[in-house]
Structures are given as C-alpha cells and as structure tokens.
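Undergrad:
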Amino acid sequence: MKTMTVALLIAALAMGCGRQETSGGQEAPQAASPAPASGSGSSDGASSSSSSSSSSGGSSSSSSPSGGSPDLGNIVPLYDGSTPLEPAIQYETETALITRFSDRARDRHAKEDHFQAYDHYLSFYWEDRTASIEIIDEVAKGGDTVRMNVRTQFRLSDTEAENRWFYRGVGTVAEYCDNGVMQVIDDFNYYKVRSFNCRENRSIQIGDKLEFELSQFLDPSVPNGRANYYGTTSLYIVGEGLVPWDVGGTTPFGGIKDSFKIPERAWLGGDTTIHALTSGETDNHFMQMATNLGYENAQPFVLGRRVLHSSAVDGRHDERPIENPVFTEMVGLAGPHHINSSCASCHERNGRAAAAPVGEPLDKWVFKVADTNGNPDPYLGSVLQPKARDGAVSEGSVSIVYWTEQNGLRSPNYAFTGVTPERFSARIAPNLVGMGLLEAIRESAILAQADPEDSDGDGISGRANRVLDPETGDTRLGRFGWKAGTASIRHQLARAFNTDMGILTSVFPEPDCGSSQNDCGTSGAELADQHLADLTKYISLLGVRPQRDYDSPSVQNGEQLFTNVGCADCHTPTHQTSEHHPLAELRNQTIHPYTDLLLHDMGPGLADNLGEGEASGAEWRTPPLWGLGLSACVTGGVENPIGGQGNEICTPEHSYLHDGRARSIEEAILWHGGEGQAANDGYQGLSASEKQDLLNFLGSL
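Numbering (full-length UniProt numbering), first residue to last: 1 to 701.
1. If I measure Cβ to Cβ from L122 and keep anything under 6 Å in the same chain, skipping five residues before and after, which residues do I get?
2. Threshold first: 4 residues or longer. Then list the alpha helix (DSSP H) segments lying entirely within the segment 478 to 548, N to C.
3. In this structure, does DSSP put N640 in helix, strand or coil?
4. So, for A344: in the same chain, excluding its five sequence neighbours on each side, which residues have a beta-carbon less than 6 Å away from its beta-carbon?
5. Where does S66 fall in DSSP's three states?
6. By the three-class DSSP mapping on this structure, what secondary structure does E162 have?
7. To the nearest whole angstrom, what separates the beta carbons of D596 and G462, a pair I think is in contact under 8 Å?
8. Please determine, among R352, Q692, R168, the residue with the shortest C-alpha to C-alpha distance to G637.
9. Is it buried or exposed for P623, if we count other Cβ within 10 angstroms and need 16 for buried?
10. Can you grab the Cα-Cα spacing for the pair E619 / L657, in whole Å?
11. How long is the line joining the alpha carbons of G457 and N373, rounded to whole angstroms?
12. Could you check whether G603 and G502 sit closer than 7 Å to each other, using their CB atoms as the reference points?
13. With DSSP as the reference, label S59 as helix, strand or coil.
14. Buried or exposed: where does G294 fall if 16 or more other Cβ atoms within 10 Å of its Cβ makes it buried?
15. Less than 7 Å separating the beta-carbons of A484 and N465?
16. Ordered along the chain, which non-local residues of its own chain (more than five positions away) have a Cβ less than 6 Å from that of M435?
17. In the DSSP assignment, find the unbroken alpha helix (DSSP H) run with M435 in it and report its ends.
18. Does the beta-carbon of V467 have 16 or more other beta-carbons within 10 angstroms, so that it is buried, or is it exposed?
19. Do P336 and D390 have their CB atoms nearer than 7 Å?
20. What is the DSSP secondary structure of Y594, counted as helix, strand or coil?
21. Which residues bound the beta strand (DSSP E) around A131?
22. Leaving aside the five residues before and after C567 along the sequence, list all residues of the same chain whose C-beta is less than 6 Å from its C-beta, in chain order.
23. Please list the terminal residues of the continuous beta strand (DSSP E) segment that includes C177.
24. Need the endpoints of the alpha helix (DSSP H) that residue 702 sits in, please.
25. DSSP on I75, reduced to helix/strand/coil?
26. Quick one: what's got a C-beta closer than 7 Å to E86's C-beta in the same chain, skipping five residues either side?
27. Would N284 and D119 qualify as a contact pair, given that the criterion is a beta-carbon distance under 7 Å?
28. May I ask which residues mark the beginning and end of the beta strand (DSSP E) holding K192?
29. Going by other Cβ atoms of all chains shown within 10 Å of its Cβ, with 16 needed for buried, is N297 buried or exposed?
30. Mapping DSSP to helix, strand and coil, what is Q90?
31. Pull up the DSSP beta-bridge partners for N465, would you.
32. In whole angstroms, what is the alpha-carbon distance linking N640 and E112?
33. Under 8 Å, with one C-beta from each stretch per pair, do the segment 238 to 246 and the segment 172 to 181 reach the 3-pair mark?
34. CA-CA distance, A370 and Y550?
35. Mind checking whether S399 and A415 have CB atoms under 7 Å apart?
36. Applying the 10 Å Cβ sphere with the 16-neighbour rule, what's the burial state of residue 722?
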C-alpha cells in the first residue's frame with residue numbers, strides 16, 4: 001500500500017491522528033482524519049486503495065499478442081493522470097492505519113437467517129439513515145488503541161448510540177462482548193476507542209478479528225420513518241483493514257457463526273466484494289453497496305438508488321409505496337414514447353430480465369431497430385418504444401409467438417403489433433453489478449487482448465468497439481451493452497433514460513424519434529444532472545458477491561477445465577483496475593470478472609441483422625460471469641409457500657444470453673458458435689463428471 005506524501009502526513013497529524021490524553025487519562029475526542037485529497041492522478045497516496053488491493057489474487061492475464069504495449073490509436077481514455085480523484089479509502093500515517101468508509105441502516109442483523117430481513121432496503125432509506133465511519137488503527141503502527149469515529153446524518157438516541165465490537169455469538173447470532181454506547185461529540189459525531197479485546201481477554205493485537213456492527217438508533221424526533229435500525233456487519237482485521245467475511249466454526253466462548261476472512265482469491269470484485277449471504281435473502285444479491293464504499297459516498301449511493309426505483313410517470317417508489325413518498329422531481333418525466341416507467345421495471349433487483357411467456361409483450365426488453373441501411377427506422381427511431389402518453393401513439397409491441405427448438409436448443413420468433421422494422425436486435429436487461437470495476441480497467445489492458453486479424457491462428461480474434469463520446473465527440477473504447485455500444489456508465493444510463501424511459505438529459509437532450517414521427521415531444525434536458533450523477537455513483541459502487549464453494553474439489557477442477565477447454569480465451573478471469581479512476585473504491589483493484597470486454601463473432605446461430613457501432617450483427621461483447629450462479633434467484637425472486645418468518649425460498653428463473661433463450665448455463669455454452677465453437681466442442685468432449693465440475697465452477701461465481 002502507498003503511504004501519504006509528507007504534506008498530507010503533516011496535515012493529518014495536525015488534525016489529530018495521534019492519540020491525545022486528557023488529565024484524567026481518558027482519550028480526548030479526535031477530529032476525523034483528512035483522507036488524501038483529490039489530485040491530478042499522481043501515483044501517491046491520493047490514489048491508494050486498501051492494503052489488500054494490491055494482493056487480492058493474481059496479476060492480470062491481459063497481454064498484447066505482440067508482447068508490447070498496444071497502440072490506442074484514436075481512442076481517448078476515459079480517465080488519465082489529469083482526472084481529479086476522490087479521497088482514498090485507506091491510507092497510513094506514522095502513527096495509524098486509517099480506513100474511511102460508509103454504511104446504511106438495516107432492519108435486522110446479518111447472520112439472522114430466521115428473519116430474512118437484512119439485505120433489503122427500508123422506507124426512507126435515503127433520508128437520515130447513512131453514516132460515515134473512520135477507523136484509526138494505532139495498533140497497526142505499534143500503538144495500543146483502535147478508535148472508531150462515526151458521523152451520522154441525524155442525531156442518535158442518547159442512550160442507544162451502540163457500536164458493538166468483537167463477535168461472540170452466544171445465545172443469539174447477533175451477540176457481541178463489547179456493546180458500549182459511543183461517546184458523544186455533538187449531534188452528528190460520535191466515537192469509540194478501545195485497547196482491550198474482550199473476545200480474547202487481552203490487549204488488541206495485529207491480526208485480531210474486530211467484527212463490529214454500528215446501530216443507527218436515531219433520536220425519536222427523526223421526521224420520517226421509524227427511529228431504530230441496525231447496520232452492516234463488518235469484519236475489520238487489525239493492521240489490515242476491512243475484509244469480506246463468511247461464517248463457520250465457534251468463537252472462544254462457544255458461540256456459533258463465527259466470522260472469518262474469505263480468501264482473497266474469491267474476492268471477485270476486489271475490495272468492493274461484499275460478505276457472504278448469511279441472512280437467507282436469495283433475491284437481494286445484487287442490491288448491496290460495496291464493502292469499501294467511500295466515506296462520503298453512502299448518501300449519493302442511496303439517493304441514486306431512489307432514482308432507479310422511482311416511476312417517471314407518477315414518482316412512486318416500487319418498494320413500500322405506501323410508506324415511501326412520491327419523488328416529485330421524477331413525476332411526469334417519462335417521454336411520450338417509452339418502454340418502461342422506471343429503471344427497476346426492467347432491472348428488477350438489479351438483475352437480468354427473462355423471456356416473457358409466448359404471446360405476452362416483452363416489456364422488459366429493448367428492441368433496437370433500423371431501416372434497411374441500418375439507419376433509425378423512420379416510424380420508430382433507433383429503439384422501439386411500445387408505451388405512449390400525453391396523446392402520443394404507441395409504436396406497437398413485440399412478443400414471442402413461438403420457439404424453434406433443435407437438438408435441445410431453442411430460439412425465439414417474434415411478432416410486432418405495429419411497424420415491423422427491416423432490422424432489429426432483441427436484448428434483455430442485463431445484471432448491473434460490477435459495472436464500475438469494468439469501467440476502471442485501462443483501455444490498454446483491454447486492447448492488449450484484441451487480435452482482430454487472428455494473428456496467432458487460434459480462431460479467436462476479439463475486436464474493440466470504438467464509439468463516439470456524446471458529450472465531447474472523442475472516440476472511446478466501447479465497454480457496456482450487449483455489443484459494447486457505450487463507453488461509460490454515465491453514457492449508458494443517459495442513453496437508457498433517453499430510449500427506454502423517454503427522459504431527456506444533458507447528455508442526450510433530443511428524443512429518440514423517427515423522421516416520420518411528429519409526437520415525440522420537445523427537446524431539452526429534463527432530468528437534473530445531480531440525479532444522473534447520483535445514479536451513476538449508485539451503479540458504479542454496487543458490491544460484488546464473493547465466489548462460493550471455492551474450496552470444493554469439484555469447483556477447483558471445474559476452474560481448471562474452464563481454462564483447458566478454451567473458455568478463458570474470451571472470458572478473461574483476472575484484470576487490474578487503473579489508478580486513474582475518480583472513485584477510490586474502484587482504483588487499483590485485482591478483480592475476477594471473466595470477460596475481455598471485446599467483440600467476438602459468435603456464429604450464425606446467435607446473430608441478428610443489426611450491428612451497433614463497429615459491431616456486426618454476429619458480434620457480441622463477452623459478458624462478465626460474476627454473479628452468474630446467483631442470477632436465477634435474483635430474476636425469479638422468492639416465495640413463501642408455508643408462510644411464517646424465515647421461510648422464503650428462491651424460485652429460480654434461468655435466462656441467459658442476450659435474448660434469454662438459454663434455460664441453463666449448459667444451454668448457453670452449447671449456443672457458442674463462431675469464435676466460441678472450439679470451447680463449445682471442448683466442453684462437449686468432457687466426461688459427464690467433468691462437465692458437472694465445470695458447471696459447478698460457473699455456478700460458484
């Protein structure tokens with residue numbers, strides 16, 4: 001991990017990073033330590049992430065076919081040395097290891113699967129219910145105390161400002177041995193400092209597991225919602241930092257569900273990786289904030305989430321609509337033509353959409369459309385928008401009229417109720433997790449894997465899609481969308497607002513309209529830039545679940561087979577993110593997304609007749625595989641067939657590939673043609689047990 005510059009170190013010490021004593025021997029309240037400031041992208045402390053980010057599993061497998069650094073050509077990087085940087089999450093001074101992050105309120109405790117009430121979001125989650133936390137670990141530098149400073153959005157209860165430390169799990173799975181109420185500095189600032197480890201009955205030492213849970217028991221005067229909440233269960237390793245955790249074994253006192261650090265090789269999202277699911281909420285995997293969420297970023301995160309879940313027609317929140325108030329700034333923003341009224345209507349629980357039953361409208365899908373020459377359809381524009389309001393005429397809808405099935409593989413056949421476009425491309429809503437980390441990968445690392453002329457003769461080319469930046473006109477590397485048609489999360493969201501919801505932004509201030517349409521509405525930005533910025537931060541900072549069953553011999557063998565049969569030739573396992581991304585949570589992270597972000601010709605079976613940018617109809621961007629084994633439960637949701645507490649079960653709905661045709665991961669593999677045919681053949685050549693091992697590995701991601 002990088003240390004601070006001398007100037008920053010002096011500033012930190014001046015603000016009270018060193019421990020001070022009062023005449024009575026009680027530690028005096030310390031001001032929050034200043035994190036390294038935003039900078040110009042230099043590789044000093046301003047761009048350092050947590051200490052584990054440089055060692056969280058393997059180096060990037062990206063390499064240039066020629067062995068040198070690839071030429072970016074006319075591609076302008078999204079971020080470089082001049083990019084202003086948000087403050088670091090973790091840094092060092094001479095006297096302490098400093099970790100600065102943030103949290104949100106929870107209904108129950110993480111390990112209570114009998115309640116299944118931890119991962120979801122409660123009413124008014126965006127109002128008064130986030131906290132910023134700073135850990136000043138002097139033990140890491142030879143001292144004897146660990147101090148936690150907490151800054152809240154609202155005054156805490158005088159008697160219940162709890163901050164529970166050192167898990168025991170005796171009697172309940174939410175029991176800690178140090179439940180002390182924090183010391184009060186003022187209505188918004190609190191602290192707790194300890195030198196004694198009550199779990200081990202000795203002084204705190206480097207390597208101690210300091211599991212903690214901040215309880216946001218708000219003062220009863222809070223204007224909206226109830227007052228009492230809990231917080232995220234976090235595991236801090238003294239001298240190291242925050243780590244994703246799982247449960248197993250007993251505590252020294254005989255308690256159950258003791259936490260342990262998940263091996264770094266299973267941190268699919270680097271330091272953003274969240275802890276293992278222990279609360280039994282299988283439908284909420286993709287809605288969690290990153291473990292290393294920055295000190296100032298919890299509030300933008302939840303504000304962005306509110307945008308995603310609010311209707312652009314009536315402003316109603318899709319969760320707890322009776323309790324949650326109407327978001328007035330979203331009312332009436334949906335365009336005269338749109339697909340759906342909210343982001344969450346298609347990306348339910350941030351997961352992928354599924355194919356609707358035969359004959360029902362595909363209202364969670366995007367149909368990109370064009371005329372014979374690939375230009376916007378004169379009657380539809382660039383995207384079919386079936387819903388209409390304010391006197392506009394519907395552009396018609398699309399449904400699957402029947403499936404064609406051959407050799408166990410099915411493909412959809414569509415019917416349009418209005419204009420049938422000459423060209424179209426059907427696409428389901430994909431998972432949203434991990435997008436920020438993909439944005440943070442260097443362009444050079446992605447281009448190093450490209451081999452457009454197949455110079456090594458392995459049958460795999462891999463091409464970059466080059467797209468125009470709608471705000472600057474620069475040529476960028478395409479990363480997002482099924483054909484890598486956009487370069488950044490901000491642009492992807494702004495385009496979705498434009499075509500999917502009919503909402504105009506400063507990025508795309510013109511409606512999606514065909515030359516023969518006259519009911520598309522007026523031009524000009526409608527959504528405030530701040531709402532777009534908050535939503536961008538929310539999507540960027542969603543946490544990635546860790547790999548599961550990583551010690552299983554079957555999973556480990558499947559991982560090796562994944563490489564042996566050629567899957568890893570496109571689904572690149574490991575990348576290193578850049579030091580230049582503005583968000584500290586995403587900088588310098590070793591991640592395992594299993595994608596090269598390049599375009600590959602997948603053969604005629606998966607081809608459509610409409611390209612995008614430089615992508616042909618047969619080319620598709622390699623999708624990341626993190627979350628693959630969780631997506632069916634997120635898409636399908638849960639049900640409670642017997643009623644009562646803790647009895648929700650997953651009702652999986654499997655839907656894979658760009659149009660949801662694959663009903664299993666194996667079907668998705670068997671659809672691979674073109675550049676993926678060799679890997680398909682390799683899979684089919686495995687024994688039955690080897691195939692299962694490979695599928696078990698994919699299911700662990």
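Each residue gets a CB set at the ideal place from its N, CA and C atoms; glycine is no exception.
TA: In short, the structure shows the following:
1. For this step, residue 122 is matched to residue 122 along the sequence shown. Cβ within range, chain order: D107.
2. 489 to 500, 529 to 540
3. One-based indexing of the sequence shown puts residue 640 at position 640. Residue state, collapsed to three classes: coil.
4. Residue 344 sits at position 344 when you count from the first residue of the sequence shown. Hits under 6 Å: L308, H309, D318.
5. Locating residue 66 in the sequence shown gives position 66, counting from the first residue. At S66, the pLDDT of 41 sits below 50, so the modelled position is not reliable; the number obtained from the coordinates is stated separately. Correct three-state label for S66: coil.
6. Working through the sequence shown from its first residue, we reach residue 162 at position 162. In this structure, E162 counts as strand in the three-state DSSP scheme.
7. In the sequence shown, the residue the question calls residue 596 occupies position 596. In the sequence shown, the residue the question calls residue 462 occupies position 462. Their Cβ separation, rounded to whole angstroms, is 6 Å, which keeps D596 and G462 in contact under 8 Å.
8. In the sequence shown, residue 637 corresponds to position 637, counting from 1. The shortest C-alpha separation from G637 is found at R352.
9. Translated into the one-based positions of the sequence shown, residue 623 becomes position 623. When all chains shown are included, P623 counts as buried.
10. Translated into positions along the sequence shown, residue 619 becomes position 619. Translated into positions along the sequence shown, residue 657 becomes position 657. Distance between the alpha carbons of E619 and L657: 13 Å.
11. Indexing the sequence shown from 1 puts residue 457 at position 457. Indexing the sequence shown from 1 puts residue 373 at position 373. Computed Cα separation, rounded: 33 Å.
12. To locate residue 502, count along the sequence shown from 1; it is residue 502. To locate residue 603, count along the sequence shown from 1; it is residue 603. No, they are not a contact pair.
13. Counted from its first residue, the sequence shown places residue 59 at position 59. Confidence at S59 is low in this model, with a pLDDT of 36, below 50, so the placement of that residue should be treated as unreliable; the coordinate-derived value is given next. S59 falls in the coil class under three-state DSSP.
14. As a first step, residue 294 must be located in the sequence shown, where it is residue number 294. Counting Cβ neighbours within 10 Å, G294 comes out buried, since at least 16 surround it.
15. For the purposes of this step, residue 484 is identified with residue 484 of the sequence shown, where counting begins at 1. For the purposes of this step, residue 465 is identified with residue 465 of the sequence shown, where counting begins at 1. Contact: yes.
16. Working through the sequence shown from its first residue, we reach residue 435 at position 435. The answer, listed in chain order, is I489, I539.
17. By 1-based counting over the sequence shown, the position of residue 435 is 435. From DSSP, the alpha helix (DSSP H) with M435 extends over 435 to 439.
18. Within the sequence shown, residue 467 is the residue found at index 467, counting from 1. Its Cβ being crowded by 16 or more others within 10 Å, V467 is buried.
19. To locate residue 336, count along the sequence shown from 1; it is residue 336. To locate residue 390, count along the sequence shown from 1; it is residue 390. Yes, they are a contact pair.
20. Reading the sequence shown from its first residue, position 594 is the one you call residue 594. Looking at Y594 - three-state DSSP - the assignment turns out to be coil, as it is neither helix nor strand.
21. Start at 1 with the first residue of the sequence shown, and residue 131 comes out as number 131. Counting along the chain, the beta strand (DSSP E) containing A131 begins and ends at 130 to 137.
22. The residue labelled residue 567 in the question sits at position 567 within the sequence shown. So the qualifying residues of the chain are A679.
23. Counting from 1 along the sequence shown, the entry for residue 177 is found at position 177. That run of the beta strand (DSSP E) goes 176 to 178.
24. The structure shown does not extend to residue 702, since the chain spans only 1 to 701, so no value can be given for it.
25. As a position in the sequence shown, residue 75 is number 75, starting the count at 1. It is a strand residue.
26. Counting from one through the sequence shown, the residue named residue 86 turns up at place 86. Here the set comprises S38, G294, P582, L583, A584.
27. The residue you call residue 284 lines up with position 284 of the sequence shown. The residue you call residue 119 lines up with position 119 of the sequence shown. Closer than 7 Å, so yes.
28. Position 192 of the sequence shown, counting from 1, holds the residue named residue 192. K192 -> beta strand (DSSP E) spans 189 to 194.
29. Along the sequence shown, read from residue 1 onward, the residue named residue 297 stands at position 297. Result: buried.
30. Translated into the one-based positions of the sequence shown, residue 90 becomes position 90. Correct three-state label for Q90: strand.
31. Here residue 465 corresponds to residue number 465 of the sequence shown, with the count starting at 1. Bridge partners of N465: none, in fact.
32. Against the sequence shown, residue 640 aligns to sequence position 640. Against the sequence shown, residue 112 aligns to sequence position 112. Rounded to whole angstroms, N640 to E112 spans 17 Å at the Cα level.
33. no
34. Position 370 of the sequence shown, counted from the first residue, corresponds to residue 370. Position 550 of the sequence shown, counted from the first residue, corresponds to residue 550. Approximately 45 Å between the Cα atoms of the pair.
35. Stepping through the sequence shown from its first residue, residue 399 is reached at position 399. Stepping through the sequence shown from its first residue, residue 415 is reached at position 415. Closer than 7 Å, so yes.
36. Residue coverage of the chain in this structure runs from 1 to 701, which leaves residue 722 outside it and unanswerable.
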